[in-house]
Each structure stands twice: as C-alpha cells, then as structure tokens.
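> Okay, here's the structure, questions in a sec.
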Amino acid sequence: MRRKPYLGTIRNEIQSSLAYRGHFLFSLAGTVIYLIIAYFLWKAIFAASTGGNIGGVGFERAYLYVGISMSLAGIIQTSVDWSLSRLVTSGDIFRSLCRPQDLMATLFAESVGDGLVNCAVVGLPALVLSFALSGAGLPDLINVILFIPAVAIAFFLNFLIDFMTGLSVFALQSSRGVMNAKDSAILVLSGALVPLPFYPPGVRAVLEWLPFQALYNAPARILADGGAGLADALPFLAREAAWAVLFFILARILLSAGQHKLVVNGG
Amino acid sequence: MTSIRRYGRLYRLLFAQFLKSRMSYRTDFLVSLVFMLLWFLPSFFSVVVLFANIPSLAGWSLEELVFVYGFYMMAMAPNGLFFQNVWQLPTQIRNGGFIKYYFRPLNMLFYYMSEIIDINSLNGIPLGAGLMIWASIKLGIVWTATRIVGTLVLLASASLVVCAMMLAAASTAFWLTNSHSLLNLASRFRENARYPMTIFKGGFRFAFSVLVPIGFIAFYPSQLIIHPEGAGILPWLTPVAGLVSFGLACLVWTMGARKWSGTGT
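Same order as they appear, the protein sequences are chains A and B. Per my numbering, the first sequence starts with residue 1, numbered consecutively. Per my numbering, the second sequence starts with residue 1001, numbered consecutively.
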C-alpha cells in the first residue's frame, strides 16, 4: 500500500480542523467545566463516604481516573460513525469507493489528523488540569511513557468501534439508534463515568475483559496508579491490543459485506 | 390566534409525514426503541453503583435522587422530541443548506425544528414517570391535585430551560460556523443536572443556577415537590427561568438568522 496519500489526508485534516479555532476554545472550555463539575461531585461523594475512602481508593486517585478519562474522551473521540452514515445515506459514498484509496484507511487518516490536533489543544491541557485539581503528585516517567501506547491503541480501538457502528447503516439505512446506544454503552461499560474500582466485584470482573475498558479504564489506570510500572501495565496493553486486532479483522469483513449490500439512489 | 391554529395544523401534518418516512426505515426505528431502553439501564446503573458505596450525596438519599433523575428524564423528553434538529444546524450552515428556510412564509424556527420529530425521545416520559412514582411512594409523597398541576408546570418550565440551552448553543453556528463543540458542551452540562446543586460551592452554584441554569432542569423543581417547606426562594423561580431562558435563546436564534449571509452558493 502506498502511504503518501494518507499522510496528505492527515495533513489536510489537521489544516481544516485548525481553520475553526473557535471550536477548540469551546471544546477546551467544555472539558475544563466538566472537570470542575466532576471535582465538586467527587468531593461530595467522598465527603459522604466513611473515612474518605471507597473500595480502597481515595479522592485523589478516583478524581484522577475521572479526569484522565475525560481528557482521553477529547483525544480518542472520532465522529467516523456519523460521517460514514452520512456518506451512505446521502449516496456520496460512491465517490469515496471509486477512489483508488482504501475507504477505511482514508477515514482513519482523517481521524488521526483530528486526533492529533485534539490531543494538543484539548487533551494535554485537560490532563494537566486533572493532575492539578486532584492534588496528586506528578506521575512517574515510566507511567507517562506507557500511557502513550495505551492511548494510541485506545484511539485505534475506538476508531474501529465507531467505524463498525457506522457500517450498521448498510444494513439499517439509518443508524442513529445504534450510534446513540454505542455512545452510552461506552460511557458506562468503559468506566469513564464511574471508575471501574467502584463497581461491584462481579460486574467489574466482567467489564475488565470487555473491549470497552481498554478505551478509558486501561490508560487511566496506567497513568494514575503511580509506581506500578511495566509489569502492571503489560496485561492492560496486551488486552487492548488483542481487542484491536480482533476488531480490525471484524471491521474488514463487515466492510466488504456492507459494500455488496450497498444501494445508492441514482442522481 | 388563527396563526397558532395554523401552526398546530401544520405540525400535525408534518408529524404524520415524518412518521411515515421514519417508518420506512423500520429496522432502525425498532432498534432505536430497544436501544433507548438499553441506554437508560446503564446510565441509571451508574447512579446505583455510586450509592452502593455511600449512604447519601450532599444530604440527598438514593430515593430522593431517583426522583430527581425521573424528573430529569421527563424534562428532557420534549427537547429530544421537538428540538432534535439543533444537531444538524452546524452542518446545514456550513454547507449552505440552511438557505432554504428563508424561502417559506413560515416562522423559521418552527419550520426548521419541525423537520425532525424524534419519537424515540418519548421513551423518557414513561421511564421518568416510573422513577418518580417509585421514589414518591418510598418517600411518602402524596399526589394531591395541586401537587400534580404544580409538577406539570415545573416540568414544562424545566423543558423550556433544556430547549433554550440547546437552541442557544446551536445558534452560535451562525457566527462560528461550527457549533458542534458548544452543542456537546451544552449536552454535557445537561447531564449534570441530575446531581444536587448543593454540591457546588460559592460562585459555581451561582453560575449553574443563573448563567447556565442547569439547576432548574431537575434539582430545584424536584426540591419544590419533595420538600416544599425548606426549599427557599430559588425553586419557585423555575417558571421564570424557563420563560426567560427560552426567550433569550429565541433572540439569539433570530439575531443569528438575520446576520447569516449564506455560503454564496
């Protein structure tokens, strides 16, 4: 596969997303306000707990989980499901399919471009603020280094989930319901809303094996659990990667199946 | 008066048309219905998970917060039903499709919003009512006629606050071209309406009551229904908050629509 055109797509996407500067200001403002709301919420939750400790986790770490998840949301979120479903319902997808570029790779390149910008403009400031508000010390270098591949895999995995959600439009013609359901399922099952350590042990055991925890829980744990290091992070990374490979294969199969089902109205 | 009747009739006709077009995507329609229920279960579950760890939140018990949650779901339903099209506004403005709304002898806001009627949002009403009834039995709330009428007025006002937030956020697209981030911001704000406003300290409580009035979406009105005695003045202002915020949002919309100059295509 020739890589050049995809690099061009990434560059284009970065440029076009930088064209809407107001957008970033509001994204960042939104994330900051959310972090503040979460701060008060978790302060109140821990004020009600006995001994300022829930399930062996104190405020600092709980807030870090939530804050990191929030920052991650800014980085890994793609809108591939929406754009794919819009391409199919409008019929414009025939143009993308006629090009000598792979549809999935092009969409991925676009998402990478967006993701890089979001990471720099929203994700990183949000991460810094999360650490500042939590009152926890700075993370160890090793955790920061391990955090990077964890985020990269989470990004890819989230792209695949969004892509497959978007593909459901081939079968359903309209996939708003599936998209909304996917968003809320991820919010809860990934531990982004309530960190997994607070779930009942049985539920938690199941969730830790599902792909959704790889999106938020795994990177957050790697960065927040200071001093855990490589031995602790590896199982998380391995599981993330395994799901990513599995979903990649599944997405390819679904895409080729979907293309055969595609009906575009003439125009 | 005649114009209200005219718009009422128009909306009925459009609604019928919309229902037909949605029903032609029958699988998605059914999937959406099922998934709406599935959506509700996990997000409600997260509240239960939290309360498994603590006895109360800022002095509010699980039952009381379930009541607030139910109220929140019901207050959200009209926004989802009638104002779903706000999400399309950034796209419509960017690609210039919005120009068509200038060309009909109809109120533009009405014309625009009547295009999508999201029937799935109606799910929130039985679910929310169920939660409110369950909680009110647990809390021993007696549903007198006054309380029922009052609750309906409060629900209508709270819905107006929700609609106003989304409309104002979407309308910024007239100036910013891309208001998606603000829409996301507004809907994130909305989600936090389920928590007691008493958790916020100082200036933040003021901000979430007045500047971005999420307190009026569920917490203050619920306070008035559960503990009318100790509620203080703020909850009584819910109808005012609804009317004022919706009025302001309409103003932003109108100014934006006047100012927008199209894409030139």
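We treat Cβ as the ideally placed atom computed from N, Cα and C, and that holds for glycine.
Once the 5 residues before and after S1209/B are set aside, which same chain residues still bring their CB inside 8 Å of it?
Your numbering for residue 1209/B matches position 209 in the second sequence. Excluding positions up to five away in sequence, the list reads M1197, G1215, F1216, Y1220, L1234.
> Per DSSP, I54/A forms a beta bridge with which residues?
Against the first sequence, residue 54/A aligns to sequence position 54. Answer by DSSP bridge pairing, in chain order: V57/A.
> Return the first residue and the last residue of the alpha helix (DSSP H) that I1117/B is part of.
Numbered from 1 along the second sequence, position 117 holds the residue referred to as residue 1117/B. Premise fails: I1117/B is in no alpha helix (DSSP H) and is neither H nor E.
> Compare the C-beta of G271/A with all C-beta atoms of chain B and state if any pair is closer than 8 Å.
Any answer about residue 271/A is impossible in this case: the structure gives chain A only from 1 up to 267.
> From this set, E1064/B, A1186/B, W1175/B, which residue's C-alpha is nearest W1134/B's C-alpha?
Counting from one through the second sequence, the residue named residue 1134/B turns up at place 134. Of the listed residues, the one whose Cα sits closest to W1134/B is E1064/B.
> How would you label L1152/B, buried or exposed, when you count the other beta carbons within 10 angstroms and need 16 or more for buried?
Counted from its first residue, the second sequence places residue 1152/B at position 152. L1152/B should be labelled exposed.
> Quick check: is the beta carbon of Y1195/B nearer than 8 Å to any beta carbon in chain A?
As a first step, residue 1195/B must be located in the second sequence, where it is residue number 195. It does: the Cβ of Y1195/B has a partner Cβ on chain A nearer than 8 Å.
> Taking a Cβ distance cut-off of 8 Å, strictly less, list which residues of the segment 5–29 of chain A are near chain B, in chain order.
Y20, G22, H23, F24, F26, S27, A29
> Check whether the Cβ atoms of W243/A and P211/A lie closer than 8 Å to each other.
Stepping through the first sequence from its first residue, residue 243/A is reached at position 243. Stepping through the first sequence from its first residue, residue 211/A is reached at position 211. Yes, Cβ-Cβ distance for W243/A and P211/A is below 8 Å.
> Who pairs with L215/A in a beta bridge, going by DSSP?
Counting from one through the first sequence, the residue named residue 215/A turns up at place 215. Paired residues: none, contrary to the question.
> Could you tell me which whole alpha helix (DSSP H) segments of length 4 or greater appear in the segment 1071–1131 of chain B?
1089–1094, 1108–1113
> Taking Cβ-Cβ distances shorter than 7 Å, what residues in chain A pair up with F1082/B?
For the purposes of this step, residue 1082/B is taken as residue 82 along the second sequence, with counting starting at 1. Correct list: empty, because the minimum Cβ distance to chain A is about 16 Å.
> Compile a chain-ordered list of the residues in the segment 1040–1071 of chain B whose CB is closer than 8 Å to at least one CB of chain A.
P1042, S1043, F1045, S1046, V1049, L1050, A1052, N1053, I1054, P1055, S1056, L1057, A1058
> Could you give the distance in angstroms between the alpha-carbon of R1009/B and the alpha-carbon of M1023/B?
Residue mapping note: residue 1009/B aligns to position 9 of the second sequence, counting from 1. Residue mapping note: residue 1023/B aligns to position 23 of the second sequence, counting from 1. R1009/B and M1023/B: Cα-Cα distance of roughly 21 Å.
> Using the C-alpha atoms, what's the distance from L1160/B back to M1166/B?
In the second sequence, residue 1166/B corresponds to position 166, counting from 1. In the second sequence, residue 1160/B corresponds to position 160, counting from 1. Each residue's alpha carbon lies about 10 Å from the other.
> Who are the near neighbours of M1108/B in its chain, counting only those whose CB is closer than 6 Å to its CB and skipping five residues on each side?
Within the second sequence, the letter at position 108 stands for residue 1108/B. Closer than 6 Å at Cβ, skipping near neighbours: Y1101, A1257.
> Check the C-beta distance from L1089/B over to A1168/B and give it rounded, since I have them as a contact under 8 Å.
On the second sequence, position 89 is the one that residue 1089/B refers to. On the second sequence, position 168 is the one that residue 1168/B refers to. So it is not a contact: roughly 11 Å between Cβ atoms.
> Who does W1060/B pair with in a DSSP beta bridge?
Your numbering for residue 1060/B matches position 60 in the second sequence. Answer is L1057/B.
> Mind listing the chain B neighbours of P200/A? Cutoff is C-beta to C-beta under 8 Å, in chain order.
The residue given as residue 200/A occupies position 200 in the first sequence. In chain order: V1049, A1052.
> Please compile the residues from chain B whose C-beta is within a distance smaller than 8 Å of the C-beta of A48/A.
As a working mapping, residue 48/A is identified with position 48 in the first sequence. Result: I1054, P1055, S1056, L1057, A1058.
> DSSP three-state call for K43/A: helix, strand or coil?
Working through the first sequence from its first residue, we reach residue 43/A at position 43. Here K43/A sits in helix by DSSP.
> Residue range of the alpha helix (DSSP H) that H1180/B falls in?
Within the second sequence, the letter at position 180 stands for residue 1180/B. It spans 1180–1191 - the alpha helix (DSSP H) in which H1180/B sits, taken as one unbroken run.
> Rank R61/A, V88/A, V66/A, F155/A by C-alpha distance to the C-alpha of L167/A and give the top, closest one.
Indexing the first sequence from 1 puts residue 167/A at position 167. Nearest Cα to L167/A within the set R61/A, V88/A, V66/A, F155/A: V88/A.
> How many whole angstroms separate the CB atoms of L35/A and L133/A, which I take to be in contact at a CB cut-off of 8 Å?
Here residue 35/A is taken as the residue at index 35 of the first sequence, counted from 1. Here residue 133/A is taken as the residue at index 133 of the first sequence, counted from 1. Yes, L35/A and L133/A are in contact; Cβ-Cβ is about 6 Å, under 8 Å.
> Tell me the rounded alpha-carbon separation between A1193/B and Q1084/B.
Indexing the second sequence from 1 puts residue 1193/B at position 193. Indexing the second sequence from 1 puts residue 1084/B at position 84. For A1193/B and Q1084/B, the distance between alpha carbons rounds to 19 Å.
> Beta-carbon of M1255/B versus every beta-carbon of chain A: anything under 8 Å?
Start at 1 with the first residue of the second sequence, and residue 1255/B comes out as number 255. No - not a single Cβ of chain A is within 8 Å of the one on M1255/B.
> What would DSSP say about Y199/A, mapped onto helix, strand or coil?
Translated into the one-based positions of the first sequence, residue 199/A becomes position 199. Residue state, collapsed to three classes: coil.
> From this set, P1105/B, G1097/B, I1119/B, which residue's C-alpha is nearest S1021/B's C-alpha?
In the second sequence, residue 1021/B corresponds to position 21, counting from 1. Selected option, being the one with the closest Cα: I1119/B.
> Under 8 Å between beta-carbons, which chain B residues line up against Y216/A? List them in chain order, please.
Counting from 1 along the first sequence, the entry for residue 216/A is found at position 216. The contacting residues do not exist; Y216/A stays about 13 Å from chain B at best.
> Establish whether the CB of Y65/A and some CB of chain B are separated by less than 8 Å.
Here residue 65/A corresponds to residue number 65 of the first sequence, with the count starting at 1. It does not: the Cβ of Y65/A has no partner Cβ on chain B nearer than 8 Å.
> Measure the Cβ-Cβ separation of G1124/B and M1074/B and say whether it is below 8 Å.
Taking the first residue of the second sequence as position 1, residue 1124/B is located at position 124. Taking the first residue of the second sequence as position 1, residue 1074/B is located at position 74. With contacts defined by Cβ atoms closer than 8 Å, G1124/B and M1074/B form a contacting pair.
> Can you tell me where the alpha helix (DSSP H) with C1163/B in it begins and where it stops?
Counted from its first residue, the second sequence places residue 1163/B at position 163. Segment 1145–1171, the alpha helix (DSSP H) holding C1163/B.
> Applying the criterion that 16 or more other CB atoms from any shown protein chain within 10 Å of the CB defines a buried residue, is D162/A buried or exposed?
As a working mapping, residue 162/A is identified with position 162 in the first sequence. D162/A should be labelled buried.
> At the level of alpha carbons, what is the spacing between G115/A and I142/A?
Looking up residue 115/A in the first sequence gives position 115. Looking up residue 142/A in the first sequence gives position 142. C-alpha separation (whole angstroms): 23 Å.
> Taking only three categories from DSSP, how would you classify G267/A?
As a position in the first sequence, residue 267/A is number 267, starting the count at 1. Note that G267/A scores a pLDDT of 45, beneath 50, so its modelled location is shaky; the value from the coordinates is reported in the next line. It is coil, neither helix nor strand.
> Please look up how many angstroms separate the CB atoms of L1155/B and A1170/B, rounded, as I've assumed it's under 8 Å.
Counting from one through the second sequence, the residue named residue 1155/B turns up at place 155. Counting from one through the second sequence, the residue named residue 1170/B turns up at place 170. About 23 Å separates the two Cβ atoms, so there is no contact after all.
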